[in-house]
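Residues in the sequence shown are numbered from 13 upward in steps of one, following this note's numbering.
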Amino acid sequence: MPVSSVPVINKKYNIAIFASGAGSNARRIIEYFHHHPFISIALVVCNKPGAGVINIAESHQVPVLMIEKEHFFRGDGYTDELRNFKIDVIVLAGFLWKVPSTLIQAYPGKILNIHPALLPSYGGKGLYGRFVHESVIAAGEKQSGISIHVVDEQYDHGDVLFQATVDVQASDNPDTLAEKIHKLEHEHYPRQIEKFVDMSTRG
Ligand code: GRF
């Protein structure tokens with residue numbers, strides 16, 4: 013068969029977004045990958061009944077898997093369900109539970125998180141959402157930002173792949189800083205996810 017007529021098999025990589033909250037990042041990610049040539053948002057995983065992200069997923073026809081603590085932490089971390097959805101990469105977007113070892117081992121180097129500060133500062137257990145911005149302001153920092161990192165077994169600890177900064181003004185409070193940080197997240201996270209899928213699924 014001449015080379016030009018060999019069929020090209022275009023694999024699509026499936027992402028599961030894990031989220032616990034409002035889901036503004038999830039919305040951006042879902043919209044960015046709509047009709048993407050090699051990435052599909054195949055699933056939203058949520059641990060919090062009533063979270064805004066559930067409506068966002070449903071309105072974009074993305075299936076939602078609601079998860080329970082016991083099964084997540086003492087079972088297989090829902091690995092079987094994720095395999096059934098043929099998930100290749102997991103993206104955390106405001107997911108407040110620690111990812112258990114079973115899941116990290118099932119997806120080695122294939123779980124990405126976004127943290128609303130410049131790691132390694134202002135990360136770790138208890139430092140999430142508003143608490144991060146309160147701490148940054150209380151410490152009188154002149155800059156904050158976002159960190160996109162690979163997830164390992166410790167909170168906010170894996171390799172940082174990308175950071176972007178924003179100035180903290182004297183007039184900022186946790187709400188205004190959160191708004192600036194969200195803007196940065198929406199601007200950068202989808203593109204960084206695209207690069208991560210490309211990198212982590214190669215070879
Ligand atoms: C984001 O700031 C993210 O960095 C943090 O949780 C927040 C989630 O916001 N981990 P949203 O639910 O995507 O609006």
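All C-beta atoms, glycine included, are put in the ideal place defined by N, C-alpha and C.
Since the model is a prediction, treat every value here as computed from it, not as a measurement.
Could you check how far apart the C-beta atoms of residue i and residue j are, in whole angstroms? I think they sit under 8 Å.
{"i": "residue 105", "j": "residue 31", "result": "5 Å"}
{"i": "residue 54", "j": "residue 98", "result": "7 Å"}
{"i": "residue 200", "j": "residue 149", "result": "With a Cβ gap of about 22 Å, residue 200 and residue 149 do not count as contacting."}
{"i": "residue 101", "j": "residue 27", "result": "5 Å"}
Could you check the C-alpha separation between residue i and residue j for me, to the nearest Å?
{"i": "residue 51", "j": "residue 24", "result": "5 Å"}
{"i": "residue 151", "j": "residue 186", "result": "12 Å"}
{"i": "residue 170", "j": "residue 79", "result": "24 Å"}
{"i": "residue 188", "j": "residue 154", "result": "14 Å"}
{"i": "residue 140", "j": "residue 128", "result": "8 Å"}
{"i": "residue 177", "j": "residue 130", "result": "8 Å"}
{"i": "residue 114", "j": "residue 29", "result": "18 Å"}
{"i": "residue 90", "j": "residue 147", "result": "34 Å"}
{"i": "residue 116", "j": "residue 124", "result": "11 Å"}
{"i": "residue 22", "j": "residue 210", "result": "13 Å"}
{"i": "residue 88", "j": "residue 96", "result": "13 Å"}
{"i": "residue 205", "j": "residue 132", "result": "20 Å"}
Comparing C-alpha positions only, which one of the options sits nearest to residue i?
{"i": "residue 11", "options": "92, 174, 42", "result": "Here the chain has residues from 13 to 215 only, and residue 11 is not among them."}
{"i": "residue 34", "options": "144, 158, 63, 27", "result": "63"}
{"i": "residue 112", "options": "158, 82, 191", "result": "82"}
{"i": "residue 120", "options": "212, 38, 202, 195", "result": "212"}
{"i": "residue 143", "options": "93, 176, 108, 114", "result": "108"}
{"i": "residue 74", "options": "132, 172, 58", "result": "58"}
{"i": "residue 190", "options": "27, 37, 26, 162", "result": "37"}
{"i": "residue 85", "options": "209, 198, 206, 165", "result": "165"}
{"i": "residue 203", "options": "39, 22, 45", "result": "45"}
{"i": "residue 61", "options": "76, 168, 162", "result": "76"}
{"i": "residue 65", "options": "205, 39, 136", "result": "39"}
{"i": "residue 182", "options": "103, 162, 156, 172", "result": "156"}
{"i": "residue 122", "options": "71, 195, 47, 160", "result": "160"}
Could you tell me which residues DSSP pairs with residue i in its beta bridges?
{"i": "residue 25", "result": "51"}
{"i": "residue 158", "result": "176"}
{"i": "residue 163", "result": "Per DSSP, none; premise fails for residue 163."}
{"i": "residue 104", "result": "30, 125"}
{"i": "residue 76", "result": "56"}
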